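K.L.:
Respectively, the protein sequence lines represent chains A and B. To convert, note that position 107 of the first sequence is 107 in my numbering; the numbers rise steadily by one, no gaps. Position in the second sequence counted from 1, then plus 1000, gives you my numbering.
There are 2 protein chains.
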Amino acid sequence: MTQKPYILISNDDGVAAKGINYLIETLHPVADLLVVAPDSARSGYGCAITTNVPLTIQPVRSERGLKVYSCTGTPADCVKLALFQLVGNRQPDLVVSGINHGDNSSINAHYSGTMGAAFEGVLHGIPSVAFSICDHNPDADFRPMHDYIIDLVFKSITMGMPRNTCLNINFPKADNFKGVRVCRMGSTQWVNEIARARRPLTKQPVFWLTGERVDLEPEADDTDAWALSHGYVAITPTTVDNTAYELIDVLKKLM
Amino acid sequence: MTQKPYILISNDDGVAAKGINYLIETLHPVADLLVVAPDSARSGYGCAITTNVPLTIQPVRSERGLKVYSCTGTPADCVKLALFQLVGNRQPDLVVSGINHGDNSSINAHYSGTMGAAFEGVLHGIPSVAFSICDHNPDADFRPMHDYIIDLVFKSITMGMPRNTCLNINFPKADNFKGVRVCRMGSTQWVNEIARARRPLTKQPVFWLTGERVDLEPEADDTDAWALSHGYVAITPTTVDNTAYELIDVLKKLM
């Protein structure tokens, strides 16, 4: 009998979130799991790492083929600690991040702690996948994703991924999906991003981040934002290499 | 007489760092400046934004053509607050982030709060530039950068930048630079990233992020890491679009 795959799981909604626990219940029957996730929500933390204070980890749950830890750090910190302190002698076959409560397509990926964990996996040479659903509800229904998750996880392990590249997979909020589309990251922009308020005691002004996302290319049918708004699962191959290659020659002439 | 350009400045080392203050003294004679920077160091914060607590801003310094604020948020938060609460009716001509105390080339850009601020500028349609020097010393000598900064700032304003694209500019630690090279982001990897310690009082284990960066392609002479190690100023055009375009057709066949 062949060994089950070994999967490292993290997220940015925290170890108690329904999304990561649905992912654990989905994958536990078919894989050995190591889960290291933030002790509370770290939404919007992107690829942030913690360098100015030390981190701690606490065991949360341990059973056959499943170990769960909570960590005081960011999603990227969790993956680093897992790979260098907790995996033991067995390197994970895959890093899976999520399931995020909320859309991580287009510009949201830029700020996403879910993606921060997936990037950390590929930066250490491990194929990585991020799962998100377009539903911020803490009690979101993840069941329609079940078979897709199993299928996409095993495909990702089998096919591997080029260095520095991972998959950003977003699901629409729906009972059924129209299918899967491979996409590029859409160009969107956040607007009306600041809400003013006052501290009740001192009346000092404070500023909350908020806003709405505007699609800058709603007609383009090759983006992740388009796929989601039309009922498809959006798979966006994503790289840590941010070089704007098309500008290199232009700049060489200007500089 | 034409109006001086209007430049928004931020960083990730905090408003008191020598690097941002050297940038202010360099640009104040030639530009109107709005400075909004974190109240203390936010190194490694990447593109992180703060959504779970409200932010505050405090005026630090105000004179003709220069206003400085400190902010409780991340570098990206600082730029958002500046653009939506502090710029007034005049849109900045450029966002400048830095000068960072430390190398932000290759994979360091991925974790860099300095880059987080620059990305935030271009996400709002403003040309943006990040400056860093390969010297972590809080008292680093920025004077050799002076004329390059003036030149690169005015070139950036004049030429503009395509949407979602900014410049990541790194300087070697040197008294003189061999010149400027336009580069791609090099492929490097951090290793030995965790240092174990114990809390003095409880002896509980804690984990510090640390490590060394390894160049995965030291022979390639078109990377930012190569330019810096050979004495050149490295200019890397950088985009917020992380799509791995070369994988789209491959994945379409596999899915």
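Just so you know, even glycine gets a beta-carbon here, dropped at the ideal spot from N, CA and C. Just so we're clear, the structure is a prediction, and the values are computed from it rather than from any experiment.
For a contact meaning CB atoms closer than 7 Å, what does Val-182 of chain A contact in chain E?
P.N.:
This model lacks chain E altogether, as its protein chains are A and B.
K.L.:
So which residues on chain B does Leu-81 of chain A lean against when the C-beta distance must stay under 7 Å?
P.N.:
Taking the first residue of the first sequence as 1, we reach residue 81 of chain A at position 81. Per Cβ cutoff of 7 Å: Ile-1194, Phe-1207.
K.L.:
Thinking Asn-164 of chain A and Ala-1109 of chain B are a contact (beta carbons under 8 Å), I'd like their distance in whole angstroms, please.
P.N.:
Along the first sequence, one-based indexing puts residue 164 of chain A at 164. Along the second sequence, one-based indexing puts residue 1109 of chain B at 109. The pair is not a contact, with the Cβ atoms about 13 Å apart (cut-off 8 Å).
K.L.:
Let me check understanding here. Comparing Cα to Cα, which of A:Tyr-6, A:Ser-43, A:Asp-32 lies closest to Val-15 of chain A?
P.N.:
Position 15 of the first sequence holds residue 15 of chain A. For the residues A:Tyr-6, A:Ser-43, A:Asp-32, the minimum Cα distance to Val-15 of chain A belongs to A:Ser-43.
K.L.:
Would you call Tyr-1245 of chain B buried or exposed, if buried means 16 or more other Cβ atoms sit within 10 Å of its Cβ?
P.N.:
Walking along the second sequence from the start, residue 1245 of chain B turns up at place 245. Per the 10 Å Cβ criterion, exposed.
K.L.:
For His-101 of chain A, which of helix, strand or coil comes out of DSSP?
P.N.:
Start at 1 with the first residue of the first sequence, and residue 101 of chain A comes out as number 101. The answer is strand: DSSP assigns His-101 of chain A an E or B state.
K.L.:
For Gly-1231 of chain B, would you say it is in contact with chain A, using Cβ-to-Cβ distances shorter than 8 Å as the test?
P.N.:
As a first step, residue 1231 of chain B is located in the second sequence; it is residue number 231 there, counting from the start. No, no contact with chain A.
K.L.:
Identify each residue in the region 1004-1036 of chain B for which the Cβ-Cβ distance to at least one residue of chain A is less than 8 Å, and report them in chain order.
P.N.:
Taking 8 Å as the Cβ-Cβ cut-off against chain A, none of the residues of the region 1004-1036 of chain B qualify.
K.L.:
Please report the distance separating the alpha-carbon of Asp-1135 of chain B from that of Ser-1156 of chain B.
P.N.:
Against the second sequence, residue 1135 of chain B aligns to sequence position 135. Against the second sequence, residue 1156 of chain B aligns to sequence position 156. Cα-Cα distance, rounded: 24 Å.
K.L.:
Distance, Cα to Cα, Val-1087 of chain B vs Ile-248 of chain A?
P.N.:
Position 87 of the second sequence, counting from 1, holds the residue named residue 1087 of chain B. Position 248 of the first sequence, counting from 1, holds the residue named residue 248 of chain A. Rounded to whole angstroms, Val-1087 of chain B to Ile-248 of chain A spans 32 Å at the Cα level.
K.L.:
Secondary structure at Cys-1078 of chain B, three-state DSSP: helix, strand or coil?
P.N.:
As a first step, residue 1078 of chain B is located in the second sequence; it is residue number 78 there, counting from the start. The answer is helix: DSSP assigns Cys-1078 of chain B an H, G or I state.
K.L.:
Taking a contact to mean a Cβ-Cβ separation below 8 Å, would you say Val-1129 of chain B touches Leu-1094 of chain B in this structure?
P.N.:
Taking the first residue of the second sequence as position 1, residue 1129 of chain B is located at position 129. Taking the first residue of the second sequence as position 1, residue 1094 of chain B is located at position 94. Their beta carbons are under 8 Å apart, which means Val-1129 of chain B touches Leu-1094 of chain B by this criterion.
K.L.:
Could you pull out every unbroken alpha helix (DSSP H) segment of at least 4 residues lying fully inside the region 1203-1254 of chain B, listed in chain order?
P.N.:
The region 1203-1254 of chain B contains these whole alpha helix (DSSP H) runs: 1224-1229, 1248-1254.
K.L.:
Would you kindly work out how many angstroms separate the C-alpha atoms of Gln-1003 of chain B and Leu-1083 of chain B, rounded to a whole number?
P.N.:
On the second sequence, residue 1003 of chain B is found 3 positions in, with the first residue counted as 1. On the second sequence, residue 1083 of chain B is found 83 positions in, with the first residue counted as 1. Computed Cα separation, rounded: 20 Å.
K.L.:
Going along the chain, which residues of the region 122-151 of chain A sit with their C-beta nearer than 9 Å to a C-beta in chain B?
P.N.:
Flagged, chain order: Leu-123, His-124, Gly-125.
K.L.:
Which value, in whole angstroms, describes the spacing of the CA atoms of Val-60 of chain A and Asn-21 of chain A?
P.N.:
In the first sequence, residue 60 of chain A corresponds to position 60, counting from 1. In the first sequence, residue 21 of chain A corresponds to position 21, counting from 1. Each residue's Cα considered, the two are about 12 Å apart.
K.L.:
Using only the alpha-carbon positions, how far apart do Gln-1091 of chain B and Ile-1126 of chain B sit?
P.N.:
Working through the second sequence from its first residue, we reach residue 1091 of chain B at position 91. Working through the second sequence from its first residue, we reach residue 1126 of chain B at position 126. Near 9 Å, if we compare the C-alpha coordinates of Ile-1126 of chain B and Gln-1091 of chain B.
K.L.:
Indicate whether Gly-186 of chain A and Ser-106 of chain A have their beta-carbon atoms separated by less than 8 Å.
P.N.:
Here residue 186 of chain A is taken as the residue at index 186 of the first sequence, counted from 1. Here residue 106 of chain A is taken as the residue at index 106 of the first sequence, counted from 1. Result yes, Cβ atoms of Gly-186 of chain A and Ser-106 of chain A sit closer than 8 Å.
K.L.:
Would Ile-1024 of chain B pass as a contact of Leu-1055 of chain B if the rule is Cβ separation under 8 Å?
P.N.:
Taking the first residue of the second sequence as position 1, residue 1024 of chain B is located at position 24. Taking the first residue of the second sequence as position 1, residue 1055 of chain B is located at position 55. No. Outside cutoff.
K.L.:
What does the alpha-carbon distance come out to for the pair Arg-1213 of chain B and Glu-1219 of chain B?
P.N.:
Taking the first residue of the second sequence as position 1, residue 1213 of chain B is located at position 213. Taking the first residue of the second sequence as position 1, residue 1219 of chain B is located at position 219. Each residue's alpha carbon lies about 16 Å from the other.
K.L.:
Rounded to the nearest angstrom, how far is the Cβ of Phe-131 of chain A from that of Gly-98 of chain A, given a contact under 8 Å?
P.N.:
Taking the first sequence and counting its residues from 1, one reaches residue 131 of chain A at position 131. Taking the first sequence and counting its residues from 1, one reaches residue 98 of chain A at position 98. 4 Å between Cβ atoms; contact.
K.L.:
Output the distance between the C-alpha atoms of Asp-1222 of chain B and Arg-1184 of chain B, rounded to the nearest integer angstrom.
P.N.:
As a first step, residue 1222 of chain B must be located in the second sequence, where it is residue number 222. As a first step, residue 1184 of chain B must be located in the second sequence, where it is residue number 184. Cα to Cα, Asp-1222 of chain B sits roughly 6 Å from Arg-1184 of chain B.
K.L.:
So, helix, strand or coil for Leu-33 of chain A, using DSSP?
P.N.:
Start at 1 with the first residue of the first sequence, and residue 33 of chain A comes out as number 33. Leu-33 of chain A falls in the strand class under three-state DSSP.
K.L.:
I'd like the list of long-range same chain contacts for Val-182 of chain A, defined as Cβ closer than 6 Å, with 5 residues on each side in sequence excluded.
P.N.:
Position 182 of the first sequence, counted from the first residue, corresponds to residue 182 of chain A. The residues are Ile-235.
K.L.:
List, in order along the chain, the chain B residues whose C-beta lies closer than 7 Å to that of Ile-49 of chain A?
P.N.:
Taking the first sequence and counting its residues from 1, one reaches residue 49 of chain A at position 49. Those within 7 Å of Ile-49 of chain A in chain B are Gly-1044, Tyr-1111, Leu-1209.
K.L.:
Just to confirm, is the Cβ distance from Thr-114 of chain A to Leu-167 of chain A under 8 Å?
P.N.:
Counting from 1 along the first sequence, the entry for residue 114 of chain A is found at position 114. Counting from 1 along the first sequence, the entry for residue 167 of chain A is found at position 167. No. Outside cutoff.
K.L.:
When you compare only the Cα positions, how much space is there between Ala-225 of chain A and Ile-133 of chain A?
P.N.:
Locating residue 225 of chain A in the first sequence gives position 225, where the first residue counts as 1. Locating residue 133 of chain A in the first sequence gives position 133, where the first residue counts as 1. Whole-angstrom Cα-Cα distance: 12 Å.
K.L.:
Please find out if some non-hydrogen atom of the ligand MN comes closer than 7 Å to the beta-carbon of Leu-216 of chain A.
P.N.:
This structure lacks the ligand MN, and indeed carries no ligand of any kind.
K.L.:
Go ahead and label Gly-179 of chain A buried or exposed: buried means 16 or more other beta carbons lie within 10 angstroms of its beta carbon, across all protein chains shown.
P.N.:
Along the first sequence, read from residue 1 onward, the residue named residue 179 of chain A stands at position 179. Answer is exposed; the Cβ neighbour count stays below 16.
K.L.:
From this set, A:Ile-149, A:Ile-57, A:His-146, which residue's C-alpha is nearest Trp-1208 of chain B's C-alpha?
P.N.:
Within the second sequence, the letter at position 208 stands for residue 1208 of chain B. When only C-alpha atoms are compared, the closest one is A:Ile-57.
K.L.:
Would you call Ser-40 of chain A buried or exposed, if buried means 16 or more other Cβ atoms sit within 10 Å of its Cβ?
P.N.:
On the first sequence, residue 40 of chain A is found 40 positions in, with the first residue counted as 1. Answer is exposed; the Cβ neighbour count stays below 16.
K.L.:
Output yes or no for whether 8 Å exceeds the beta carbon distance between Val-1206 of chain B and Arg-1199 of chain B.
P.N.:
Along the second sequence, one-based indexing puts residue 1206 of chain B at 206. Along the second sequence, one-based indexing puts residue 1199 of chain B at 199. In this structure, Arg-1199 of chain B lies closer than 8 Å to Val-1206 of chain B by Cβ.
K.L.:
Please classify Met-1161 of chain B as buried or exposed, where buried requires at least 16 neighbouring CB atoms within 10 angstroms.
P.N.:
Residue numbering aside, residue 1161 of chain B sits at position 161 when the second sequence is read from its first letter. The residue in question, Met-1161 of chain B, is buried, as its Cβ has 16 or more Cβ neighbours within 10 Å.
K.L.:
Along the chain, where does the alpha helix (DSSP H) containing Phe-1154 of chain B start, and where does it finish?
P.N.:
Along the second sequence, one-based indexing puts residue 1154 of chain B at 154. Where Phe-1154 of chain B is concerned, the enclosing alpha helix (DSSP H) stretches over 1146-1159.
K.L.:
What first and last residue would you give for the alpha helix (DSSP H) that runs through Thr-26 of chain A?
P.N.:
As a first step, residue 26 of chain A is located in the first sequence; it is residue number 26 there, counting from the start. Its alpha helix (DSSP H) spans residues 18-27.
K.L.:
Identify the continuous alpha helix (DSSP H) that holds Leu-1123 of chain B and give its terminal residues.
P.N.:
Here residue 1123 of chain B corresponds to residue number 123 of the second sequence, with the count starting at 1. Its alpha helix (DSSP H) spans residues 1113-1123.
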